[in-house]
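Below is one structure; the comments refer to it alone.
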């Protein structure tokens with residue numbers, strides 16, 4: 015359930031309007047030839063009026079500090095900017111639920127600050143955020159509750175101030 019609606023009963027277009035996803039590798043979700051076109055694409059699919067598309071695209075460019083890259087090809091940008099293009103797409107759409115995969119990945123200190131400001135803006139407007147992250151410090155700063163999975167099983171649920179970095183091992 016999201017906003018008192020069963021997601022399984024919604025059409026794909028309706029579901030897409032409610033859930034925004036940030037991939038771990040942002041370049042895998044970018045395909046338009048300009049940053050502005052990339053941001054506008056979701057709004058076009060939602061059949062927003064042209065003037066609203068322009069306004070929301072420009073606002074997202076400003077919010078994500080990408081105004082100077084509007085006409086650039088997204089894949090010509092460095093990794094942090096590519097990631098912020100994907101974030102700007104989410105900002106333009108403003109869905110009530112965000113699913114973020116390794117959200118702090120690829121950011122230097124400056125771009126992480128821009129991203130964290132955006133995340134706070136989302137929180138202030140009531141957006142629910144679910145993230146998958148190995149970054150304990152980021153998680154502590156931005157999430158009030160942490161669910162720990164081990165081998166696909168929920169091991170515990172803690173307030174975020176209880177989390178500690180895990181030593182990960184792979185076979």
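In our numbering, the protein residues as written are 15 to 185. Don't be surprised by glycine CBs; every beta carbon is placed ideally from N, CA and C.
{"Asked": "Status (buried if at least 16 other CB within 10 Å, exposed otherwise) for residue 34", "Found": "buried"}
{"Asked": "Assigned secondary structure, residue 140 (DSSP; H/G/I helix, E/B strand, else coil)", "Found": "coil"}
{"Asked": "Secondary structure of residue 202, DSSP reduced to three states", "Found": "The requested residue 202 does not occur in the structure, where the chain is confined to residues 15 to 185."}
{"Asked": "Residue of 153, 47, 30 and 168 minimising C-alpha distance to residue 107", "Found": "30"}
{"Asked": "Residue 111 - partner residues in DSSP beta bridges", "Found": "33 and 142"}
{"Asked": "Residue 66: first and last residue of the uninterrupted alpha helix (DSSP H) it sits in", "Found": "64 to 77"}
{"Asked": "Residue 44 vs residue 96 beta-carbon contact at 8 Å", "Found": "yes"}
{"Asked": "Assigned secondary structure, residue 105 (DSSP; H/G/I helix, E/B strand, else coil)", "Found": "helix"}
{"Asked": "Distance, residue 69 Cα to residue 184 Cα", "Found": "Confidence at residue 184 is low in this model, with a pLDDT of 38, below 50, so the placement of that residue is unreliable and no value is reported for it."}
{"Asked": "Buried or exposed (CB count within 10 angstroms, at least 16 for buried), residue 182", "Found": "Annotation note: pLDDT 40 at residue 182 (below 50); position unreliable, coordinate value reported separately. It counts as exposed."}
{"Asked": "Cβ shell of residue 104 (< 7 Å), same chain only, five flanking positions each side left out", "Found": "34, 36 and 112"}
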